[in-house]
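Its first residue numbered 12, the sequence shown is counted upward by one per residue in this note's numbering.
Backbone N, C-alpha and C define an ideal beta-carbon position, used for all residues, glycine too.
It should be emphasised that the depicted structure is a prediction, and the values quoted were computed from it without experimental measurement.
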Amino acid sequence: MVAFESLGVATVLPDIARKLDGLGAYGWGLSALMLANIIGTVLGGRSADRSGPWRPMAVGLAVFAVGCAVAGAATSWPLFLVGRFTQGLGVGAVMAMAYTVIGLAYPEHLRARMFALLSSAWTIPSLIGPVVAGTLSDLTDWRAVFLLMLPLIAIAAALTLPGLRGLNRSGNTAADAGASAPTALPWWKSPLANAVLLTVGTGLLLQALLLENIALLVVLALVGVAVAVPALRQVTPEGTLSARAGLGAGVVIRGLLCGVYFGSEAFLPLGLQELRGSSATEAGLGLSAGAITWVLGSAWQAKRDSRNQGSRTGGVVLGFVVLLAGVAVMALAILTDSVPAWIAVLGWAIGGIGMGVAFNAATTDTLEQTPAERQGEVSSALQLAQTLATGLIAGLGGAAIAIAQHYDSTTRTALFGVFALTGALALIGILLSRRLRPAAAVK
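1. Where Val368 and Glu388 are concerned, what is the direct C-alpha to C-alpha distance, given to the nearest angstrom?
2. Tell me the DSSP secondary structure of Ser390 in three-state form.
3. Could you give the DSSP three-state label for Arg448: helix, strand or coil?
4. Between which residues of its own chain and Ile455 is the CB-CB distance below 6 Å, once the five residues before and five after are set aside?
5. Contact between the region 56–65 and the region 96–109: three or more CB pairs below 8 Å?
6. What is the residue span of the alpha helix (DSSP H) that Arg423 lies within?
7. To test your reading of the DSSP string, which unbroken alpha helix (DSSP H) runs of 4 or more residues are found completely within the region 261–313?
8. Indicate whether Gly362 and Ser275 have their beta-carbon atoms separated by less than 9 Å.
9. With DSSP collapsed to three states, give me the class of Arg318.
10. Determine the DSSP secondary structure at Trp353, reduced to helix, strand or coil.
11. How many angstroms separate the CA atom of Tyr37 from the CA atom of Arg57?
12. Straight-line CA distance for Gly167 to Leu129?
13. Using a Cβ-Cβ cut-off of 8 Å (strictly less than) and excluding sequence neighbours within five positions of Ala132, which residues of its own chain qualify?
14. When DSSP labels each residue in this structure, what does Ser62 get in the three-state scheme?
15. What does a CB cutoff of less than 7 Å around Gly282 pick up in its chain, not counting 5 residues either side in sequence?
16. With a CB to CB cut of under 7 Å and the five nearest residues on each side skipped, what residues in its chain are close to Trp305?
17. Less than 9 Å separating the beta-carbons of Gln397 and Gly214?
18. My assumption, with CB atoms under 8 Å, is that Val207 sits in contact with Leu436. Please give the rounded CB distance.
19. Who are the Cβ neighbours of Ser42 in its own chain at under 6 Å, not counting the five residues just before and after it?
20. Where does Gln98 sit, in a helix, a strand or coil, going by DSSP?
21. Tell me whether the beta-carbon of Arg446 lies closer than 9 Å to the beta-carbon of Arg255.
22. Report the rounded CA-to-CA distance for Val53 versus Tyr117, giving the unit in angstroms.
23. Report yes if the C-beta distance between Ala410 and Thr210 is below 9 Å; otherwise report no.
24. Could you tell me if Asn224 is buried or exposed, where buried requires 16 or more neighbouring beta carbons within 10 angstroms of its beta carbon?
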C-alpha cells in the first residue's frame with residue numbers, strides 16, 4: 012500500500028504541481044507527507060509499546076484512506092497539501108508498525124531475512140506502480156492515482172489486522188513488552204507534544220527557505236531550528252544528536268541513507284520531465300529500477316548476514332559507496348544533455364542496490380541492540396529519521412527550485428545543488444558507519 016502510494020504519487024507529482032499551480036512550492040508536495048509522518052511515527056511507536064501494534068495500525072490505515080480521498084478531490088494546491096499531510100499521519104503509523112512487529116515477533120537470526128522480505132513488498136509496486144500512475148495521468152487524470160489507493164487500503168487492512176490482534180494475545184506480545192508502563196508525563200513533555208513541535212519547527216525551517224526576504228528567511232529559519240532540535244532530542248534514543256555509537260548512530264545512519272536515496276529520488280521524475288523531456292511514464296521507470304534493485308541488494312545482504320560473512324558495518328559502508336555511485340550517474344544523465352536520458356535509470360538501479368544492502372544491514376544491527384520493551388520506540392525513531400531526512404532534503408530541493416525561479420536561474424542549477432548535497436550526505440554516512448556498534452560490542 013505504502014509502496015504504491017509512494018512510487019505512484021512521485022511519478023505524477025510534477026503534473027499535479029503544474030495543474031494546481033504549485034510548482035513554486037513543489038517541495039511541499041513531498042514534505043507535507045513527510046512532516047506529518049513524524050507525528051504518526053512517534054504516536055504509533057509509543058502506542059505499540061503500551062498496548063501492541065493492532066490499534067496504531069488500524070488507525071493509521073483509516074487516516075491514510077481519508078488523506079487519499081482529500082488529496083484526490085483537491086481543486087487547489089493548499090487543499091492537496093492538506094490531503095498529503097493527512098496521508099503522512101497514516102503512513103507514519105503503518106511503517107513504524109512494520110518494523111516494530113518484526114522486532115517483536117521474530118528471533119534475531121530471522122530478522123535480516125524479514126527486512127529483505129519487507130523490502131520485496133516494493134517489487135510489484137515498483138514494476139507496475141509508476142507505469143500505471145504515469146499512464147493514468149497521461150490518458151485520464153492524476154486523481155485516478157489516489158482513487159486507486161482506496162481498495163488497496165481495504166485489502167491491506169484485511170490481510171494485516173487479524174494477525175496483529177493475534178500477536179497481542181501471544182506469549183511474545185507487544186502488550187507484554189510494554190507491561191511496565193512509563194511514568195506519566197505532563198502534556199507538554201509528551202511524545203505527541205514533542206512530535207508536533209518537531210513538525211512545526213521543521214515546517215518553519217522549510218517555509219523560511221522559500222522566502223525572498225533574506226532577513227526574514229534567517230530569522231524564521233533560526234526559530235524553526237530552535238523549536239525542532241530540543242523536540243528531536245526527546246523523541247529519539249539518547250545520543251542520537253551526537254551519533255553516539257550504538258542506537259544513536261543507528262538512527263543517524265538511517266537518516267543519512269534515506270536523505271541520500273529518497274532525497275535524490277524525489278527529483279528524478281522532475282529532472283527527467285523538465286530537463287530531458289521525458290513523459291511521466293518514462294520517468295516512472297527510474298523509480299521502478301531503484302525499487303527493484305533495492306530488493307535485490309537487501310536479499311543479498313540478508314544471505315550474507317545469515318552466513319556471517321563479515322560485519323554489518325562493512326555492508327553499510329559498501330551500500331553507501333554504491334549508492335553514492337548511483338547518485339553520481341543519475342545526476343550526470345539528468346544534468347548533461349550529451350548523456351542519454353536512459354542512463355539516469357541505470358544510475359538509479361545502481362543506487363537501489365547500495366540502498367538495499369546498507370538499509371538491511373543498518374536496520375538489522377540497530378534493532379538487534381534494542382530490548383523488547385523499546386522495540387516500538389526505536390522502530391519509530393528509525394522511521395522518524397527516515398521521514399525527517401527525506402522531508403528536509405525534499406524541502407531544501409523545493410526551495411532551491413523556488414530560489415532559481417525568483418532569481419532567474421535554472422532548474423538545472425537547483426537540481427545540481429540537490430544532488431551535490433545528497434552526495435555529501437553519502438560521504439558522511441561512510442565515515443559514521445563504524446559507529447553502528449559500540450566498541451565493546453564489536454566482535
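Looking at the atomic coordinates:
1. In the sequence shown, the residue the question calls residue 368 occupies position 357. In the sequence shown, the residue the question calls residue 388 occupies position 377. Going from the Cα of Val368 to the Cα of Glu388 covers about 24 Å.
2. The count along the sequence shown starts at 1 and reaches residue 390 at position 379. Reduced to three states, the DSSP call for Ser390 is helix.
3. As a working note, residue 448 is residue 437 in the sequence shown. If DSSP states are grouped into helix, strand and coil, Arg448 belongs with coil.
4. For residue 455 there is no data in the structure shown, the boundaries of the chain being 12 and 454.
5. yes
6. The residue labelled residue 423 in the question sits at position 412 within the sequence shown. Its alpha helix (DSSP H) spans residues Thr422 to Leu443.
7. 279–286
8. Position 351 of the sequence shown holds residue 362. Position 264 of the sequence shown holds residue 275. In contact: Gly362 and Ser275 (Cβ atoms closer than 9 Å).
9. Taking the sequence shown and counting its residues from 1, one reaches residue 318 at position 307. In this structure, Arg318 counts as coil in the three-state DSSP scheme.
10. The count along the sequence shown starts at 1 and reaches residue 353 at position 342. Helix at Trp353.
11. As a position in the sequence shown, residue 37 is number 26, starting the count at 1. As a position in the sequence shown, residue 57 is number 46, starting the count at 1. Spanning the two alpha carbons is a distance of roughly 32 Å.
12. Locating residue 167 in the sequence shown gives position 156, where the first residue counts as 1. Locating residue 129 in the sequence shown gives position 118, where the first residue counts as 1. The sequence shown places Ala at residue 167, rather than the Gly named in the question. Roughly 14 Å separates the two Cα atoms.
13. Taking the sequence shown and counting its residues from 1, the one referred to as residue 132 is at position 121. Excluding positions up to five away in sequence, the list reads Ala14.
14. As a working mapping, residue 62 is identified with position 51 in the sequence shown. Helix at Ser62.
15. The residue you call residue 282 lines up with position 271 of the sequence shown. Cβ within range, chain order: Ile345 and Leu426.
16. Start at 1 with the first residue of the sequence shown, and residue 305 comes out as number 294. For Trp305, where only same-chain residues beyond five positions count, the Cβ hits under 7 Å are Ser130, Trp133, Gly363, Met366 and Gly367.
17. The residue you call residue 397 lines up with position 386 of the sequence shown. The residue you call residue 214 lines up with position 203 of the sequence shown. Cβ atoms of Gln397 and Gly214: not closer than 9 Å.
18. Along the sequence shown, read from residue 1 onward, the residue named residue 207 stands at position 196. Along the sequence shown, read from residue 1 onward, the residue named residue 436 stands at position 425. Rounded, the Cβ-Cβ distance is 26 Å, inconsistent with contact.
19. As a working mapping, residue 42 is identified with position 31 in the sequence shown. Cβ neighbours of Ser42 beyond the five flanking positions: Leu217, Gly402, Ala405 and Gly406.
20. Taking the sequence shown and counting its residues from 1, the one referred to as residue 98 is at position 87. DSSP places Gln98 in helix when its eight states are reduced to three.
21. Taking the sequence shown and counting its residues from 1, the one referred to as residue 446 is at position 435. Taking the sequence shown and counting its residues from 1, the one referred to as residue 255 is at position 244. Their beta carbons are under 9 Å apart, which means Arg446 touches Arg255 by this criterion.
22. Numbered from its first residue, the sequence shown carries residue 53 at position 42. Numbered from its first residue, the sequence shown carries residue 117 at position 106. So the alpha carbons of these two residues sit roughly 22 Å apart.
23. Taking the first residue of the sequence shown as 1, we reach residue 410 at position 399. Taking the first residue of the sequence shown as 1, we reach residue 210 at position 199. No, these two residues do not count as a Cβ contact at 9 Å.
24. Translated into the one-based positions of the sequence shown, residue 224 becomes position 213. When all chains shown are included, Asn224 counts as exposed.
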